[in-house]
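Here the working numbering is used: the first residue of the sequence shown is 5, the next is one more, and so on.
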Amino acid sequence: MSSVPHFRILIVDDERDILKAYREILSPGDIPASAARLDQLAGKLFPSPQPLNQEIWPSFQLTCCRQGEEALAAVRESLKARLPFSAAFVDIRMPPGPDGVWTASRIRRLDEMINIVIVTAHSDVSPADIARRVPPLENLLYIQKPFHSHEIRQFATALSAKWQAERELRETNTRLEEQVETRTKELALTIEALEKSNQQYRRTAQELQAAEAELRARADDLTASNIALQQMMGREKKIQRQVEDKVLFTVHEMVEPYLKKLRATSLDEAQQSFIKIVEANLQEITAPFMKGLAQRYFRLTPNEIQIVNLIRQGKTTIQIAKALNTSKRNIDFYRDRIRQKMGIKNSRASLKTVLKDLGEEL
């Protein structure tokens, strides 16, 4: 069986009988023992009270204040103790101190989440003025005296449930923001590692080019040197391919999946823009390595390879459809899949141009 929710309620009213009535209505421990007293007070304060079923209502802890300054002190103390009020019922007229509107506006400055109910028997206070001084509207309500005991309990219950839901939503948003921040840092570290790997590749490539030039010069004099040069060139190309493979593997298998997961989280517009910039930079980094590796990383099917070769030959979509005896719609579908596998689905780059740049046929 689930536990009964427990909430703190602030009552601000200068009349002792009214404060007593609030206790009779909202304090669950007093309801069974005070039913008779509640009936006695009903004729004076509320119309036709009915017996309350305590089991269906949450538990309320009341803090009752007779003046505005006293109420503000109670709110400050609750926030300091991290036991905030879910709702406050504030009377308009509370002589000799400040009125309820003043009190409510000061409470709102201290706690932006508390729900405030303005309680009054007077109609000389403008609701528009109250709304202006005690925003926001969604956390401000009014109730007219005399009121029914069930109205007070229902207000306290509904507003407390709303307050709890809003707090849980804020906590969830905070956790999501922390997760996004953590994943962003992880992505930054991954990108940094990728950049270092790319720099190492460039240094290695420069060193290999220098070694190749030196060996070619010696090959003119000695046949043995020429053989050694060919062997070294083979090793160099293998190392270069390994470096290219490592860079491409890091991008496609270790970076892009996290980018996709990051896009699926709740990102604001600036963060979405950063993701697009990162993706564009990754494409620029990997572009020099794509020749000769397309089939391995794009994972093209035989049908896709056939269509790729026809596109490279300059065939239009309609011409390809006729050549393969299929519909234009099917060719458009394959073209879209090819762009997706090549990582240019959201790019304006021409598929024909990109395929030609790959060089050899797939």
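Here a beta-carbon is modelled for each residue, glycine too, at the ideal position from N, C-alpha and C.
Please read all numbers here as calculations on a predicted model, not as lab measurements.
DSSP places Phe278 in the helix class (H, G or I) of the three-state scheme.
Around Ser229, the same chain offers Leu219, Arg222, Ala223 as residues with beta carbons nearer than 8 Å, after the five sequence neighbours per side are excluded. When C-beta atoms of the stretch 138-153 are compared with those of the stretch 105-113, three or more pairs fall below 8 Å, so the two segments count as touching.
Within the DSSP secondary-structure output, Leu145 pairs in a beta bridge with Val121.
A direct Cα-Cα distance of roughly 11 Å separates Glu273 from Lys280. Per DSSP, Ser354 lies in no beta strand (DSSP E) segment and is marked neither H nor E. In this structure, the beta-carbon distance from Ala327 to Leu314 falls below 8 Å. Spanning the alpha carbons of Arg341 and Glu190 requires a straight line of approximately 30 Å.
Annotation for Ile111: the continuous alpha helix (DSSP H) segment containing it runs 104-114.
A Cβ-Cβ separation of about 6 Å places Thr161 in contact with Pro62 under the 8 Å criterion. Distance from the CA of Leu263 to the CA of Glu308, rounded to the nearest whole angstrom, comes to 26 Å.
In the structure shown, the three-state DSSP call for Gln317 is coil.
Measuring C-alpha to C-alpha distances from Asn285 to each of Thr330, Pro306, Glu196 identifies Glu196 as the nearest. Here Phe337 is exposed: its Cβ has fewer than 16 other Cβ atoms, across all protein chains shown, within 10 Å.
For Ser63, the enclosing beta strand (DSSP E) starts and ends at 63-69. With a cut-off of 8 Å on Cβ pairs, the stretch 155-172 is not in contact with the stretch 14-24, counting fewer than three such pairs. In this structure, the beta-carbon distance from Val255 to Leu198 falls below 8 Å.
A distance below 8 Å between beta-carbons, with the five flanking residues on each side excluded, links Phe159 to the following residues of its chain, in chain order: Ala91, Phe93, Val121, Leu145, Ile147. C-alpha of Gln71 to C-alpha of Arg179: approximately 39 Å in a straight line. By the beta-carbon neighbour count (other beta carbons within 10 angstroms, threshold 16), Ile231 is exposed. Ile134 and Gln344 have their C-alpha atoms spaced approximately 57 Å apart.
Its chain contains Ile147 as the residues whose beta carbon lies nearer than 7 Å to that of Glu155, once the 5 sequence neighbours on both sides are disregarded; these appear in chain order. In this structure, Ile289 lies away from Asn177, with their beta-carbon atoms at least 8 Å apart.
Judged by DSSP in its simplified three-state form, His154 adopts helix.
Close CB contacts of Val247 within its chain, under the 7 Å cut and outside five residues either way in sequence, are with Tyr205, Thr208 (chain order). Collapsing the DSSP output to three states places Leu23 in a helix. For Leu14, the uninterrupted beta strand (DSSP E) segment begins and ends at 10-16. In this model, Gln183 and Glu283 are separated by some 20 Å (Cα to Cα).
For Glu240, the closest alpha carbon among the candidates Leu23, Glu211, Leu193 is that of Glu211. Ala91: member of the beta strand (DSSP E) spanning 91-95, first to last residue. Here Asp95 really is in contact with Val123; their C-beta atoms are around 5 Å apart, less than 8 Å.
One Cα belongs to Gly347, the other to Gln323, and the distance between them is close to 25 Å. Arg187 and Leu266 do touch by the CB rule: their CB atoms are close to 6 Å apart, below 8 Å.
One thing to note: Arg303 has its Cβ no nearer than 8 Å to the Cβ of Lys360. The straight-line gap separating the alpha-carbon atoms of Ser82 and Ser277 is approximately 42 Å.
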